[in-house]
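Q: Submitted below is the structure of interest, expressed as structure tokens.
Protein chains: 2
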Amino acid sequence: MIEALINGVRPGDLGHALAAADRGLHYGDGLFETMLLAQGRVPLLEAHLQRLMLGCARLSLSCPGLALLRHEIQQVCGDASDGVVKLMLTRGVGGRGYAPAAAPSITRMIALYPPAAPQPFELKLGWCSTRLGRNTQLAGVKHLSRLEQVLAQMDIATTGVDEGLMLDSAGELISAVSSNVFLVRDRALLTPDLRHCGVRGVMRGQVLRIASEAGITVHEGALRTEDVRSAEEVFLTNAVHGLRAVVALDEQRWEVGPTTLRLHAELQHQIGKAG
Amino acid sequence: MIEALINGVRPGDLGHALAAADRGLHYGDGLFETMLLAQGRVPLLEAHLQRLMLGCARLSLSCPGLALLRHEIQQVCGDASDGVVKLMLTRGVGGRGYAPAAAPSITRMIALYPPAAPQPFELKLGWCSTRLGRNTQLAGVKHLSRLEQVLAQMDIATTGVDEGLMLDSAGELISAVSSNVFLVRDRALLTPDLRHCGVRGVMRGQVLRIASEAGITVHEGALRTEDVRSAEEVFLTNAVHGLRAVVALDEQRWEVGPTTLRLHAELQHQIGKAG
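One line per chain: the protein sequences are A and B, in this order. Each residue of the first sequence is one higher than the one before, counting from 1 in our numbering. Each residue of the second sequence is one higher than the one before, counting from 1 in our numbering.
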């Protein structure tokens, strides 16, 4: 973390910045967005803010004004050209116990991180043994209770793969640990509908929109491991690394296919370096 | 929070006590214990520390020495007679991304809270609409990713009930929001086995042990809503409030039964005020 604004204030010491009683810490009671800063701008800022608002509605968390958030993001980025911006909202300082205060004072933290280590365009994947629990209220939301993702990332830490695919507790394909997943089969684009769990990624939304505009048939639905095995192309998306092709999963190999390349080119065209 | 020790140090300002980059905040990546302080002692301290160690093993988190934790709990409690002690461990300060550092420096926080508001011995319950996601790795563990419990508590906030019962995503009975649940039927004690989710409560463990010693048949297994409906007695347990009888759930009513009273008396005898 290079620097941060917490409730609009630059803390004197990032090591002593947050209240010991913050509900984000005690209960994972909050939301976050991870955004790319590229050439001095955040290309998908409005889409991130829209998802944040949807998450606030889902958690009954009162969302700070978007103009304030935009302003503070600019403040934190300052003259920086490239990096990653993390925006976090929590249900503020609370007492002991799960029940929130009637009108909690939301904690907001906006932090700038160095640019992410570059990822290859061609990714090797493995399967995580950790499964995602199903919770329709939290499905799609980028919330702070992310221990499943931590365990999943540890599953693949020493395997040499670039990313790990995750199933939910009922065996449906959901996503990679930090990315959404897309399959191509019979010229159609398939992606999990995330009705039970997973994060509805901002870059996922961009790809779905671009694919529709390009006349590609899109199916959001329930997918399983056999759908991955029978896919002609596989790719991942997230806000920091854009769209990347999957070329290997365990023993299976894929070429980088035409739909992947076409969507990647269109994304780069539309949002610049984010692709 | 009355006061706290963070990594052995009393922070000058509880409002600026924690690192902005702590993984407990960013990912719910940690564990906690909530312990009763009664008449100057923590009656189930060793059982709490044992569960904490099991949780550390499950999350691959290196557990601080128990002698250090015991000492710091004593320090925080000081001369206080009654209250609630919360012990929290997180995977420390980290960079961006789910992958933990190779040898993270664990954050430990031990905090003293005022005594809990007294609960009646006879509880009225409702059902929470929020379901618990299944994750066998996290089942039983008291970890920091607790947004499901926050939402569940909000489900019942305005309903006037004392506690809410929760099912998992597959419809199995798991627990109440902050308590474990027991049923009595045909003189046997039934409780969810928590193989998919839920917290393996310290007071639950005490009750199971006491019931076995008293010659009561105990079944830990899969229970459903119809098991609650056909139960002759229902009671809840947690470390702060001990054992409490359930006398109402929606339209159903129970008397406080003999097994509930017997186990409650035996608990009080064994652990003093915790019952």
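Each residue gets a CB set at the ideal place from its N, CA and C atoms; glycine is no exception.
Pair every Cβ in the stretch 238-249 of chain A with every Cβ in the stretch 105-123 of chain A, then say whether three or more of these pairs are closer than 8 Å.
A: Short answer: they touch.
Q: Using DSSP with H/G/I as helix, E/B as strand and the rest coil, what is residue 1 (chain A)?
A: Here residue 1 (chain A) refers to the residue found at position 1 when the first sequence is read from its first residue. Coil at residue 1 (chain A), not helix or strand.
Q: With the cut-off set at 7 Å, would you say residue 125 (chain B) and residue 106 (chain B) are in Cβ contact?
A: The residue labelled residue 125 (chain B) in the question sits at position 125 within the second sequence. The residue labelled residue 106 (chain B) in the question sits at position 106 within the second sequence. Contact: no.
Q: Can you tell me whether residue 52 (chain B) sits near the ligand MG, meaning its C-beta is under 6 Å from at least one heavy atom of the ligand?
A: The ligand MG is absent from the structure shown, which contains no ligands of any kind.
Q: Quick check: what's the CA-CA separation for residue 157 (chain B) versus residue 93 (chain A)?
A: Position 157 of the second sequence holds residue 157 (chain B). Position 93 of the first sequence holds residue 93 (chain A). Their backbone Cα atoms lie some 19 Å apart in a straight line.
Q: According to DSSP, is residue 252 (chain A) part of a helix, a strand, or is it coil?
A: In the first sequence, the residue the question calls residue 252 (chain A) occupies position 252. It is a strand residue.
Q: Opposite residue 53 (chain B) in the DSSP bridges: which residues?
A: Sequence index remark: in the second sequence, residue 53 (chain B) carries index 53 (1-based). None, per the DSSP bridge assignment.
Q: Between residue 53 (chain B) and chain A, is any beta-carbon pair separated by less than 7 Å?
A: Here residue 53 (chain B) is taken as the residue at index 53 of the second sequence, counted from 1. With 7 Å as the cut-off, residue 53 (chain B) does not count as an interface residue toward chain A.
Q: Less than 8 Å between the CB atoms is what I'm expecting for residue 30 (chain B) and residue 24 (chain B), so what's the real figure, rounded?
A: Start at 1 with the first residue of the second sequence, and residue 30 (chain B) comes out as number 30. Start at 1 with the first residue of the second sequence, and residue 24 (chain B) comes out as number 24. Indeed they touch by this definition, with Cβ atoms about 4 Å apart.
Q: If you run the structure through DSSP and keep just helix, strand and coil, what is residue 16 (chain B)?
A: By 1-based counting over the second sequence, the position of residue 16 (chain B) is 16. Helix, per DSSP.
Q: Taking three-plus beta-carbon pairs below 8 Å as touching, is the stretch 175-182 of chain A in contact with the stretch 144-153 of chain B?
A: Cβ pair count under 8 Å is below three, so no.
Q: At a CB distance below 9 Å, what residues from the stretch 163-179 of chain B approach chain A? Give them in sequence order.
A: Within the stretch 163-179 of chain B, the qualifying residues are 168, 169, 170, 177, 178.
Q: Go through the stretch 65-152 of chain B residue by residue and report every complete run of the alpha helix (DSSP H) that reaches 4 residues or more, in order.
A: The stretch 65-152 of chain B contains these whole alpha helix (DSSP H) runs: 66-77.
Q: What whole-angstrom Cβ distance do residue 109 (chain A) and residue 21 (chain B) have, given they're in contact under 8 Å?
A: Counting from one through the first sequence, the residue named residue 109 (chain A) turns up at place 109. Counting from one through the second sequence, the residue named residue 21 (chain B) turns up at place 21. The Cβ separation is near 10 Å, so there is no contact.
Q: What are the partner residues of residue 176 (chain B), as DSSP defines its beta bridges?
A: Indexing the second sequence from 1 puts residue 176 (chain B) at position 176. Its beta-bridge partners are B:165.
Q: Looking at C-alpha atoms only, which residue of A:186, A:238, A:65, A:199 is the closest neighbour of residue 227 (chain A)?
A: Here the question's residue 227 (chain A) lines up with position 227 in the first sequence. Of the candidates A:186, A:238, A:65, A:199, the one whose C-alpha sits nearest the C-alpha of residue 227 (chain A) is A:186.
Q: Measuring alpha carbon to alpha carbon, tell me which of B:236, B:84, B:38, B:135 ends up nearest residue 276 (chain B).
A: There is simply no residue 276 (chain B) to check, as chain B begins at 1 and stops at 275 in what is shown.
Q: I want to verify the contact list: residues of chain B whose CB lies under 7 Å from the CB of residue 153 (chain A), in sequence order.
A: On the first sequence, position 153 is the one that residue 153 (chain A) refers to. Here the neighbours are 98, 99.
Q: Quick one: does residue 212 (chain B) have its CB under 7 Å from some CB of chain A?
A: Position 212 of the second sequence, counting from 1, holds the residue named residue 212 (chain B). So no, residue 212 (chain B) is outside the interface.
Q: For residue 263 (chain A), does the three-state DSSP call read helix, strand or coil?
A: Residue 263 (chain A) sits at position 263 when you count from the first residue of the first sequence. The answer is helix: DSSP assigns residue 263 (chain A) an H, G or I state.
Q: Taking DSSP as the reference, what is the three-state secondary structure of residue 274 (chain A)?
A: Along the first sequence, read from residue 1 onward, the residue named residue 274 (chain A) stands at position 274. Because residue 274 (chain A) sits at a pLDDT of 43, beneath the cut-off of 50, its placement in the model cannot be relied upon, and the following sentence gives the value as read from the coordinates. Helix.
Q: Against chain B, with Cβ distances strictly below 7 Å, would residue 150 (chain A) count as a contact?
A: The residue you call residue 150 (chain A) lines up with position 150 of the first sequence. Yes, residue 150 (chain A) lies at the interface with chain B (some Cβ there is under 7 Å from its Cβ).
Q: Starting from the C-beta of residue 211 (chain A), find all residues in its chain whose C-beta is less than 7 Å away, skip the five residues before and the five after it, and write them out in chain order.
A: Start at 1 with the first residue of the first sequence, and residue 211 (chain A) comes out as number 211. Only 189, 218, 263 meet the Cβ criterion.
Q: Going by DSSP in three states, residue 210 (chain A) sits in which element: helix, strand or coil?
A: For the purposes of this step, residue 210 (chain A) is identified with residue 210 of the first sequence, where counting begins at 1. The answer is helix: DSSP assigns residue 210 (chain A) an H, G or I state.
Q: Below 8 Å on the Cβ atoms is my contact criterion, and I expect residue 169 (chain A) with residue 134 (chain A) to pass it. Report the Cβ-Cβ distance as a whole number of Å.
A: Stepping through the first sequence from its first residue, residue 169 (chain A) is reached at position 169. Stepping through the first sequence from its first residue, residue 134 (chain A) is reached at position 134. Residue 169 (chain A) to residue 134 (chain A), Cβ: 6 Å. Contact.
Q: With DSSP collapsed to three states, give me the class of residue 232 (chain B).
A: Reading the second sequence from its first residue, position 232 is the one you call residue 232 (chain B). Coil.
Q: Can you give me the Cβ contacts of residue 253 (chain A) inside the same chain, cut-off strictly under 8 Å, excluding the 5 residues immediately before and after it?
A: As a first step, residue 253 (chain A) must be located in the first sequence, where it is residue number 253. If we look at residue 253 (chain A) and ignore the five residues flanking it on each side, its Cβ neighbours are 247.
Q: May I ask which residues mark the beginning and end of the beta strand (DSSP E) holding residue 241 (chain B)?
A: Counting from one through the second sequence, the residue named residue 241 (chain B) turns up at place 241. No beta strand (DSSP E) holds residue 241 (chain B); DSSP gives it neither H nor E.
Q: Using the Cα positions of residue 6 (chain B) and residue 32 (chain B), report the straight-line distance between them to the nearest angstrom.
A: Taking the second sequence and counting its residues from 1, the one referred to as residue 6 (chain B) is at position 6. Taking the second sequence and counting its residues from 1, the one referred to as residue 32 (chain B) is at position 32. Rounded to the nearest angstrom, the two C-alpha atoms are 14 Å apart.
Q: Please confirm whether residue 17 (chain A) has its beta-carbon closer than 7 Å to some beta-carbon of chain B.
A: The residue given as residue 17 (chain A) occupies position 17 in the first sequence. So yes, residue 17 (chain A) belongs to the interface.
Q: With 8 Å as the C-beta to C-beta threshold (strictly closer), list the residues of the stretch 83-115 of chain A near chain B in chain order.
A: Answer in chain order: 84, 86, 88, 90, 91, 93, 95, 96, 97, 98, 99, 100, 109, 111, 113.
Q: Any beta carbon of chain B sitting closer than 7 Å to that of residue 203 (chain A)?
A: Taking the first residue of the first sequence as 1, we reach residue 203 (chain A) at position 203. So no, residue 203 (chain A) is outside the interface.
Q: Do residue 37 (chain A) and residue 77 (chain A) have their CB atoms nearer than 7 Å?
A: On the first sequence, position 37 is the one that residue 37 (chain A) refers to. On the first sequence, position 77 is the one that residue 77 (chain A) refers to. A contact, by the Cβ cut-off of 7 Å.
Q: Going by CA-CA distance only, name the one from B:40, B:62, B:57, B:65 that's closest to residue 82 (chain B).
A: Here residue 82 (chain B) refers to the residue found at position 82 when the second sequence is read from its first residue. Comparing Cα-Cα distances from residue 82 (chain B) to each of B:40, B:62, B:57, B:65, the minimum goes to B:40.
Q: Leaving out five residues before and five after residue 265 (chain B) in sequence, what residues of the same chain have Cβ atoms less than 7 Å from its Cβ?
A: In the second sequence, counting from the first residue as 1, residue 265 (chain B) sits at position 265. None.
Q: Would residue 143 (chain A) count as contacting chain B if we go by Cβ distances under 7 Å?
A: Your numbering for residue 143 (chain A) matches position 143 in the first sequence. Yes, residue 143 (chain A) counts as interfacial toward chain B.
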